[in-house]
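S.K.:
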Amino acid sequence: MKKIKILSVVGARPNFMKIAPLLREFRKHKRIESVLVHTGQHYSCSMSDIFIKELKIGRHIALKAGPGEPIEQVKKIMGRFRKVLVKERPDIVVVVGDVNSTLACALVSASLGIKVAHVEAGLRSFDFSMPEEINRKFTDAISDYLFVTEPSGLKNLRDEAIPDERIFFVGNIMIDSLVSSIKAARKKNTLSLLGVKRREYALLTLHRPSNVDNANSLSRIVNILKKIAKMTTIVYPAHPRAVKMLKALGYWENLKRINNIIITRPLGYLDFLRLMIDAKFVLTDSGGIQEETTYLGIPCFTIRKNTERPVTITQGTNTLVGDNQKLLISLISRLPRRIKRKIPKLWDGKTARRITAILMRAASG
Ligand code: UD1
305 MKKIKILSVV GARPNFMKIA PLLREFRKHK RIESVLVHTG QHYSCSMSDI FIKELKIGRH
365 IALKAGPGEP IEQVKKIMGR FRKVLVKERP DIVVVVGDVN STLACALVSA SLGIKVAHVE
425 AGLRSFDFSM PEEINRKFTD AISDYLFVTE PSGLKNLRDE AIPDERIFFV GNIMIDSLVS
485 SIKAARKKNT LSLLGVKRRE YALLTLHRPS NVDNANSLSR IVNILKKIAK MTTIVYPAHP
545 RAVKMLKALG YWENLKRINN IIITRPLGYL DFLRLMIDAK FVLTDSGGIQ EETTYLGIPC
605 FTIRKNTERP VTITQGTNTL VGDNQKLLIS LISRLPRRIK RKIPKLWDGK TARRITAILM
665 RAASG
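Converting from the sequence shown to my numbering requires adding 304 to each position, the first position being numbered 1.
#1: Pick from I607, T618, P614: whose alpha carbon is nearest that of L631?
#2: May I ask whether a heavy atom of the ligand UD1 can be found less than 7 Å away from the beta carbon of S433?
#3: Should the stretch 494 to 513 be called in touch with the stretch 478 to 485, which here means at least 3 C-beta pairs below 8 Å?
#4: Here's a check: name, in chain order, each residue in its chain whose Cβ is nearer than 8 Å to the Cβ of A410, leaving out the five neighbours to either side.
#5: Would G604 be called buried (16 or more neighbouring beta carbons within 10 Å of its own) or exposed?
#6: Take F430 and list the residues in its own chain whose beta-carbon comes closer than 8 Å to its own, dropping the five residues that flank it on each side.
#7: Taking only the alpha-carbon atoms, compute the straight-line gap between N520 and A552 and give it to the nearest angstrom.
#8: For T537, collect the residues of the same chain with a Cβ closer than 8 Å to its Cβ; drop the 5 residues on either side in sequence, then sort them by chain order.
#9: Does the beta-carbon distance from S645 to G601 come in below 8 Å?
#10: In the DSSP output, which residue or residues are listed as bridge partners for E424?
#11: If we ignore side chains and look at the alpha-carbon of each, how far apart do F355 and N319 end up?
#12: Helix, strand or coil: how does DSSP classify E464 here?
#13: Name the DSSP beta bridge partners of N622, please?
#14: Exposed or buried, L359, counting other C-beta atoms within 10 Å across all chains shown (16 or more means buried)?
#15: Which residue or residues does DSSP assign as beta-bridge partners of H342?
#16: Going by CA-CA distance only, name the one from Y555, R524, K530, Y573 that's closest to M478.
#17: Can you tell me whether M580 is buried or exposed? The criterion is at least 16 other CB atoms within 10 Å of its CB, across all chains shown.
#18: Could you pull out every unbroken beta strand (DSSP E) segment of at least 3 residues lying fully inside the stretch 392 to 420, listed in chain order?
#19: Checking the sheet assignment: what are the DSSP bridge partners for T537?
#20: Indicate the three-state DSSP secondary structure (helix, strand or coil) for Y555 in the structure shown.
#21: In the DSSP assignment, find the alpha helix (DSSP H) that holds T655 and state where it starts and stops.
#22: Would you say R384 touches the ligand UD1, meaning its beta carbon is less than 7 Å from a heavy atom?
#23: When DSSP builds the beta bridges, which residues end up paired with Q586?
#24: Counting Cβ pairs, one atom from each stretch, are 3 or more of them under 8 Å apart for the stretch 328 to 338 and the stretch 368 to 386?
#25: Please classify F432 as buried or exposed, where buried requires at least 16 neighbouring CB atoms within 10 angstroms.
#26: Does the distance from the CB of L389 to the CB of I418 come in under 8 Å?
#27: Taking the alpha-carbon positions, what's the Y555 to S413 distance?
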């Protein structure tokens, strides 16, 4: 039987959790020749290397694009990725999520006539001030196989007149990583290292430009954290972008002065998962964390006005709080002991298997 060459792309932190289960699945099939490209959009140890190690991602071609203004970054990635494609000539390129690397690599592949598979297709916040929304929409428009995580994705793609034969509802690949890592995460002694106890701390992450790139929202966030810290300990693994802005806009010292807040570097996946499992609640503006907390049944308060992942609200544990401090404090002070939620359909740890089967069928046909 003819071999299939599949080239997958990672670029930034949330991509590693989405690509690892696929690479593992590809390795099980002799017919598949799998190549991985790392664009280097995130490049530091805590935002990249640790995940390669923990998730056993293995060898890759490094484009070393590094940081930069988005358009410059996309341009750099496109130039370097084109050279790789001309040399490797894969049958299919797999891109995941919504980062600049996703769009850049999808564009180059489509321009060379190579089939593109987009994992996590169809998510829409309908908020074009988010760079990710533009990345999602354009990547979907030029992809041949659109792998969807939740029902809203199916509707969004149909509303954009994407033909049904390109759309596949396969479930959530991030949950594959979570399911396969949960045992190892439970063995971690992260809580005792940080000196916190089960269900007695809140876990915080922040990095979205709308929250960390201006003084008004940072000042609001620091104020609300002061109030929350009076009720419970906060563990805050600080994203480099947020630290940079907190320092530049003069809020870093204010934040550090809050009693009861433990600030750490960004954590590895297993340590972070360990902290999510036992948190009293999670406060975040991340995309992926809304989904992981839904699966784990941990209350999640999202500091955004919209989400591209509505199933985490309708079925899961997520509540959008935007910048409504009163709402957040009142929700935190009357947290139920047990939160009702349904695990969304096909969030079952088998998404990589379904995607691989579809790609193999497509390449044979
Ligand atoms: C978001 C952006 C994406 C951007 C990225 C930057 C959206 C919808 N997308 O993705 O375009 O490039 O942020 O980081 O907002 N985790 C750790 N250690 C930590 C914190 C989180 O391992 O200290 C894990 C979480 O368990 C999860 C993943 O990292 O698996 C989430 O990464 P995050 O950076 O929050 O990504 P998103 O918000 O999904």
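Where is the CB? At the ideal position from N, CA and C, for every residue including glycine.
M.R.: On the basis of the data shown:
#1: I607
#2: no
#3: no
#4: Counting only Cβ-Cβ distances below 8 Å, and skipping sequence neighbours, we find V397, V399, V420, H422, F442, T443, I446, S447.
#5: The displayed chain sequence assigns Cys, not Gly, to residue 604. C604 comes out buried.
#6: E437, N610
#7: 13 Å
#8: V500, E504, Y505, A506, N564, I565, I566
#9: Checking the sequence shown, residue 645 turns out to be Arg, not Ser. Taking 8 Å as the Cβ cut-off, R645 and G601 qualify as a contacting pair.
#10: Residue pairing for E424: DSSP places it in no beta bridge.
#11: 10 Å
#12: coil
#13: N622 pairs with C604.
#14: buried
#15: V314, A366
#16: Y573
#17: Counting Cβ neighbours within 10 Å, M580 comes out buried, since at least 16 surround it.
#18: 396 to 400
#19: BP columns for T537 point to Y505.
#20: coil
#21: 655 to 668
#22: Look at R384: its beta carbon is at least 7 Å from all of the heavy atoms in the ligand UD1.
#23: Per the sequence shown, residue 586 should be read as Val rather than Gln. Per DSSP, L507, C604.
#24: no
#25: exposed
#26: yes
#27: 42 Å
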